[in-house]
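With the first letter of the sequence shown counted as 1, position 197 gets the number 1035 in the numbering used here; the numbers rise by one all the way through.
For glycine and all other residues, C-beta sits at the position ideal for the given N, C-alpha and C.
All values derive from a computational prediction rather than experimental measurement.
Presented below is the structure to which this report refers.
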Amino acid sequence: LGDIIKDKIQPDTITYNACISACARGEQWQRSLHMLDSIAKCQLQPDTISYTTCVSACGAGMQWQAAVSLLSSVEDAGIQASTLTYSALISTLEKGSVWQRALCLAGDMPCRGIEQNAITYKASITACAKAQQTDLGLAFLFEATERNVERPIAFSALALATLSVSNADLIGGAVSEALSGLRAREGKEHELANLAWACSMLGVDHPDLFFTVSRQSVPRIQSFD
């Protein structure tokens, strides 16, 4: 960015968003916020991407208070927060063990006409697990399933393991869902790893599933490092 300004090229919001994203990936949440302030100082208008990326940066830096204040800034600026904005904030609150706020924010999304996605559901379920609210966590899982939200192959199994659920019918359903997903497409490395962990935690003994996971994992074993 400094080189752009030195060359007398006027940066735009997209340029600043790219810089904010770079800071976020480097876990430089303070610099992300500084970049956000710089947008306004240059008489430019920050957009949803600007704020969402800053929220993610604050989450990486475990700065949930700063992330919450950004949502207020979004509303004050008259910008419509997106599903990604809420997903990033709920994940930040969950990681910061502020589960009450995370669940309140998730519950507020439908009232604002914002749909939840797999990320918000996962964060909400994790928050429920930390709060020992298993029934509420299952309600989030069932809602995601009923709404046919696009989700990772291991989503249901991982949710049940996170909530320490022992119901055999629910576990069997999650295993069938995962196996169907793996038969439809190759699982990504993190999906296979999450599925293996979830099955271990749930005490799953399913030869077909283990064979399918192994068959897809072995050729890419180095990718799991």
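Per-residue burial, residue i [other beta carbons within 10 Å of its own, 16 or more giving buried]
i: S859; result: buried
i: E953; result: exposed
i: S870; result: buried
i: I852; result: exposed
i: K879; result: exposed
i: A997; result: buried
i: A929; result: Contrary to the premise, residue 929 reads as Ser rather than Ala in this sequence. Buried, because 16 or more other Cβ atoms sit within 10 Å of the Cβ of S929.
i: G1025; result: buried
i: A999; result: buried
i: S894; result: buried
Distance between beta carbons of residue j and residue i, contact taken as under 8 Å
i: S1012; j: A995; result: The sequence given here has Ala at residue 1012, not Ser. With 8 Å as the limit, A1012 and A995 qualify as a contact, their Cβ atoms being about 4 Å apart.
i: L927; j: A905; result: 5 Å
i: Y854; j: S888; result: 7 Å
i: A898; j: A862; result: 6 Å
i: S962; j: F978; result: 5 Å
i: S935; j: K960; result: About 16 Å separates the two Cβ atoms, so there is no contact after all.
i: L1069; j: L976; result: The structure shown does not extend to residue 1069, since the chain spans only 839 to 1063, so no value can be given for it.
i: D914; j: L882; result: Going by Cβ atoms, the distance from D914 to L882 rounds to 17 Å, so no, they are not a contact pair.
i: A956; j: E988; result: 6 Å
i: L1020; j: T983; result: Between T983 and L1020 the Cβ distance is about 17 Å, and since that is not below 8 Å, they are no contact.
Contact set for residue i: own chain, Cβ-Cβ below 7 Å, skip 5 residues either direction
i: A992; result: A1016, E1029, N1032, L1033 and A1036
i: L974; result: C966
i: D1046; result: L1017
i: L874; result: I858, P884, S888 and C892
i: V1042; result: I1009 and V1013
i: R950; result: none
Own chain, CB closer than 8 Å to residue i, minus 5 neighbours either side, in chain order
i: K933; result: G897, M900 and W902
i: T972; result: C966, L1001, S1002 and V1003
i: H1044; result: V1013, L1017 and C1037
i: I917; result: P884, D885, T886 and Y889
i: E865; result: A895, A898 and G899
Own chain residues within Cβ distance below 6 Å of residue i, not counting five before or after
i: Q868; result: none
i: T891; result: I858, S859 and A862
i: S1055; result: L1030
i: L931; result: W902, R939 and A940
i: F1048; result: none
i: W937; result: A965, K968 and A969
i: A856; result: none
Spell out a yes or no on whether the segment 944-953 and the segment 893-909 are touching, meaning 3 or more CB-CB pairs, one atom from each, closer than 8 Å.
no
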